[in-house]
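Oh and the sequence shown: position 8 is 10 in the working numbering, straight run, nothing missing.
For each residue, glycine too, the CB sits at the ideal point set by N, CA and C.
In what follows, a structure is listed as structure tokens, so that the remarks can point back to it.
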Amino acid sequence: MYLRIRNLCGFLGMILPWLALFSAGIAPHPSDQWWWSISATYYQSPALVGVLVPAAIVLITYIGYNATDNLVTTLCGIFGLGIVLFPCKVAWLAAGTKVGFFQIPMETSHIIHTACAAIFFLLIALNSIFLFTKSGDSMTEKKKIRNLIYQICGWSMIALECVFVTVRLIGLPGYTVMILEILLLSLFGLSWLVKGEAFPFLNDDEESEEKIA
Numbered sequence: 003m004y005l006r007i008r009n010l011c012g013f014l015g016m017i018l019p020w021l022a023l024f025s026a027g028i029a030p031h032p033s034d035q036w037w038w039s040i041s042a043t044y045y046q047s048p049a050l051v052g053v054l055v056p057a058a059i060v061l062i063t064y065i066g067y068n069a070t071d072n073l074v075t076t077l078c079g080i081f082g083l084g085i086v087l088f089p090c091k092v093a094w095l096a097a098g099t100k101v102g103f104f105q106i107p108m109e110t111s112h113i114i115h116t117a118c119a120a121i122f123f124l125l126i127a128l129n130s131i132f133l134f135t136k137s138g139d140s141m142t143e144k145k146k147i148r149n150l151i152y153q154i155c156g157w158s159m160i161a162l163e164c165v166f167v168t169v170r171l172i173g174l175p176g177y178t179v180m181i182l183e184i185l186l187l188s189l190f191g192l193s194w195l196v197k198g199e200a201f202p203f204l205n206d207d208e209e210s211e212e213k214i215a
């Protein structure tokens with residue numbers, strides 16, 4: 003069951019950007035900026051809601067190895083839901099337009115959306131760095147490789163979040179946000195798929211989940 007849940011989270015993370023782009027791409031385009039972020043596809047396609055909400059629910063209901071694991075994944079799920087409940091602002095809607103589940107002004111919703119997204123990816127990164135890498139008394143060579151992958155994914159996500167802030171501050175082209183989001187979700191997906199033992203060549207047959215976390 004644990005492996006299926008992890009693989010589901012990883013799979014959803016991997017397919018979200020491409021499904022969102024495809025579904026929004028075949029819809030009428032209100033602006034040439036429609037593809038500048040995955041969040042912006044919220045207004046054109048149900049893909050973002052349809053993928054992120056199930057992923058968030060899975061994270062909220064996920065039962066980890068200990069209380070810390072449960073807390074981190076639950077918070078990830080809550081902030082993941084926040085990304086959907088509070089949509090981002092887009093250029094093709096008038097300022098002050100009420101959006102989202104709570105119908106609040108778009109500018110206010112955007113602030114909450116950005117905060118939720120930043121915290122969501124930060125928690126996912128910390129989960130990969132500090133929780134996925136836990137192990138028992140012994141550690142096999144393949145476990146060391148998996149830990150290296152978790153570390154690379156986690157620290158890369160944190161680095162990309164820093165780049166994201168820089169992009170916003172210096173005003174790089176809007177489509178760079180989409181690129182960063184694709185990379186973030188791909189790293190998230192890879193980390194969870196490895197944890198879900200989706201890649202047999204990285205797994206140790208002699209290990210059990212009770213021995214190696």
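{"Query": "Going by the beta-carbon positions, is the gap between D206 and K146 smaller than 8 Å?", "Result": "no"}
{"Query": "Based on Cα-Cα distance, which residue from S39, S25 and L21 lies nearest to V169?", "Result": "S39"}
{"Query": "DSSP on I40, reduced to helix/strand/coil?", "Result": "coil"}
{"Query": "Going by the DSSP bridge assignment, what does P107 pair with across the sheet?", "Result": "K100"}
{"Query": "Between L54 and the rest of its own chain, which residues show a CB-CB distance below 7 Å, the 5 nearest in sequence each way excluded?", "Result": "L18, G82, I85 and V86"}
{"Query": "Do the stretch 184-198 and the stretch 3-14 make contact, defined as three or more Cβ pairs closer than 8 Å?", "Result": "yes"}
{"Query": "With H, G and I counted as helix, E and B as strand and the rest as coil, what does DSSP make of G138?", "Result": "coil"}
{"Query": "When you compare the stretch 14-30 with the stretch 146-156, are there three or more beta-carbon pairs, one atom per stretch, that lie closer than 8 Å?", "Result": "no"}
{"Query": "Using 8 Å as the threshold, is the C-beta distance between G88 and I114 below it?", "Result": "Going by the sequence as given, residue 88 is Phe instead of Gly. Yes, they are a contact pair."}
{"Query": "For F132, which three-state DSSP category applies?", "Result": "helix"}
{"Query": "Which word fits E211, buried or exposed, when buried means at least 16 other C-beta atoms lie within 10 angstroms of its C-beta?", "Result": "Since pLDDT at E211 reaches only 44, below the 50 mark, its modelled position is unreliable, and the value read off the structure follows with that caveat. With fewer than 16 Cβ atoms within 10 Å of its Cβ, E211 is classed as exposed."}
{"Query": "Going by beta carbon distance, what residues of the same chain come within less than 8 Å of V165, once the five residues before and after it are set aside?", "Result": "L182"}
{"Query": "Three-state secondary structure (DSSP) at D34?", "Result": "coil"}
{"Query": "Pick from A127, T43, T116 and L150: whose alpha carbon is nearest that of V74?", "Result": "A127"}
{"Query": "Ends of the alpha helix (DSSP H) at G27?", "Result": "Y4 to G27"}
{"Query": "Reducing DSSP to helix, strand and coil, say where D207 ends up.", "Result": "coil"}
{"Query": "Which of the three DSSP states is assigned to F88 in this structure?", "Result": "coil"}
{"Query": "Evaluate V179 with the Cβ neighbour count: other Cβ atoms within 10 Å of its Cβ, from every protein chain shown; 16 or more gives buried, anything less gives exposed.", "Result": "buried"}
{"Query": "DSSP state of N68, grouped into three classes?", "Result": "coil"}
{"Query": "Just verifying my parser: in three-state terms, what is the DSSP assignment at E199?", "Result": "coil"}
{"Query": "Determine the DSSP secondary structure at L124, reduced to helix, strand or coil.", "Result": "helix"}
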